[in-house]
Amino acid sequence: MRKIYIQALVIFCASLSMAQSPITLTAVNFPGSNDTLRYTNAQLSSVGNYTQTGTNFTWNYSNLVYSSQGVRDFKLALQTPYAFFFFGFNEYGEKIADNITAGPLTITNYYNYYKKQTSPVNAFVADGIGMTFSSVPVPSYYSDKDELYIFPLTYSNYDSTSFKFSTPTTTALPFTYKKTGYRVTKADGWGTITTPYGTANCLRIVTTQYSQDTIKYNAFSFGFPNNQRSYQWLTIGEKIPYLEVSGALAGANFTPNQARYRDNYQNPAGVRENNDLSAIEFYPNPGKDKLWLNFTRNGEFFVEVLGMDGKTIKAADLNSLNTAQSIDISELSPAIYIIKVREKQSVYFYKFIKE
């Protein structure tokens with residue numbers, strides 16, 4: 465208990481010394497050219513109450529549990545594959561995915577493009593999308609920009625803006641993707657936030673996208689609502705949210721599907737290993753071709769093989785009732801790897817060596 469009290473006292477003192485008035489954010493506080501910003505995905509069950517807010521408020525998310533890591537990499541538009549279409553020194557591209565599959569469609573090299581503009585609205589906007597279909601580049605601008613953040617951004621700001629986007633309508637492409645709608649953003653709190661990354665002054669915003677999306681493929685067309693909400697804690701120096709909890713909105717019901725916070729590189733080898741083999745036994749270790757798994761109790765398990773950089777290499781849903789279960793490791797390079805086992809709300813980590 466003493467350790468918990470000391471941690472709470474440290475957070476309380478840090479909060480008193482920091483947040484005295486709400487911060488104000490401008491374009492310089494958001495991503496620009498060559499910004500490489502790492503984040504950690506947290507287990508949703510570890511987030512707690514993300515709706516709480518107030519003035520000079522203290523948010524304590526120091527107990528967020530690591531799940532995986534990622535990087536947001538912003539490049540000058542001229543350095544991206546769609547530089548022939550998106551250009552300008554205040555235009556930035558971020559690669560979202562190598563491949564996206566939707567039914568019969570496979571999209572590659574998917575980029576979002578952002579822009580810092582001062583007119584007609586001083587804002588950080590979603591300016592366009594670049595994608596490739598059957599080796600054909602398909603870049604497009606928003607005909608009505610999506611203002612993600614309007615400046616100056618400070619406590620009690622309330623903005624409602626529209627957006628509209630469509631891929632080119634041409635016989636050369638068998639599909640069209642359109643989205644139209646509006647975004648409501650409210651800065652509903654300010655204070656200090658603590659995560660495993662640290663403690664900082666912050667502005668809390670809630671931004672909600674209300675969108676009607678339409679996909680047309682050959683003679684078939686279907687539309688669907690795409691309403692998304694994001695709770696964000698923004699700071700002066702980190703450029704992406706210090707913490708973000710996002711998910712889908714259906715009517716008044718919000719379902720979070722992602723929680724991620726700004727972070728430094730975390731080596732999975734630094735995660736405490738479960739030496740008691742409380743969930744799983746595996747052999748041989750070291751191994752060459754297959755890693756055989758034996759669960760020590762009944763249940764459903766999600767098993768991942770992680771590299772030392774934290775990236776998932778293999779994953780599988782396994783049932784302890786099935787016998788002779790194994791993971792093929794023959795294609796892995798000789799190195800140390802991490803087995804991550806998720807059982808309901810518990811997570812276990814084990815090391816193994818690939819010869």
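In terms of the numbering used here, the sequence shown is residues 465 to 819.
No residue lacks a Cβ here, since even glycine has one placed at the ideal position from N, Cα and C.
Assigned with DSSP and collapsed to three states, residue 637 falls in coil, not helix or strand.
Taking the CA atoms as reference points, residue 664 sits about 40 Å from residue 631. With respect to the 8 Å criterion, residue 699 and residue 526 are not classified as neighbours on the basis of their beta carbons.
Distance from the CA of residue 535 to the CA of residue 730, rounded to the nearest whole angstrom, comes to 12 Å. The criterion of a C-beta distance shorter than 8 Å is not satisfied by residue 703 and residue 639.
Taking the CA atoms as reference points, residue 662 sits about 43 Å from residue 687. Cβ-Cβ separation between residue 807 and residue 765: approximately 5 Å, consistent with a contact (criterion under 8 Å). In this structure, 805 is the residue among 489, 797 and 805 with its C-alpha nearest to the C-alpha of residue 759. Taking C-beta separations shorter than 6 Å and ignoring five residues to either side along the sequence, the partners of residue 564 in its chain run 571 and 574, following chain order.
Residue 815 and residue 551 have their C-alpha atoms spaced approximately 46 Å apart. A contact between stretches requires three or more CB pairs, one per stretch, nearer than 8 Å, and the region 573-592 meets this requirement with the region 607-615. For a cut-off of 8 Å, the C-beta gap from residue 653 to residue 518 is around 5 Å, short enough to register as a contact. By the neighbour-count criterion, in which 16 or more other beta carbons inside 10 Å mark a residue as buried, residue 696 falls on the buried side. Taking C-beta separations shorter than 6 Å and ignoring five residues to either side along the sequence, the partners of residue 557 in its chain run 539, 541, 544, 575 and 577, following chain order.
Residues of the same chain with a CB within less than 6 Å of the CB of residue 602, apart from the 5 flanking positions on each side, are 595 and 631 in chain order.
The beta-carbon distance between residue 627 and residue 646, rounded to whole angstroms, is 7 Å. This is short enough to meet the 8 Å contact definition. Straight-line measurement puts the Cα of residue 605 at about 12 Å from the Cα of residue 546. Per DSSP, reduced to three states, the secondary structure at residue 529 is coil, with no helix or strand assignment.
Note on geometry: alpha-carbon atoms of residue 528 and residue 650 lie some 25 Å from one another. For the 8 Å CB-CB criterion, residue 693 and residue 706 do not form a contact. Apart from sequence neighbours up to five positions away, the residues of its chain that approach residue 500 with a beta-carbon distance below 7 Å are 535 and 537, ordered along the chain. Closest by C-alpha distance to residue 723, out of 633, 691, 800 and 504, is 504.
Considering only 684, 618, 761 and 643, the residue with the shortest C-alpha distance to residue 670 is 618.
In this structure, the alpha-carbon of residue 691 lies about 5 Å from that of residue 674. The secondary-structure analysis by DSSP pairs residue 761 with nothing; it has no beta-bridge partner. With a threshold of 16 other beta carbon atoms within 10 Å, residue 819 falls short and is exposed.
The Cβ neighbour count for residue 506, taken over all protein chains shown within 10 Å, is at least 16; the residue is labelled buried.
For the set 498, 761, 678 and 666, the Cα lying nearest the Cα of residue 633 is the one of 678. Contact check for residue 800 against residue 754 fails: the beta carbons are separated by 8 Å or more. In the three-state reduction of the DSSP assignment, residue 509 falls in the helix class, which pools H, G and I. A residue is called buried once 16 or more other Cβ atoms fall within 10 Å of its Cβ, and residue 593 is buried on that count.
Judged by DSSP in its simplified three-state form, residue 722 adopts strand.
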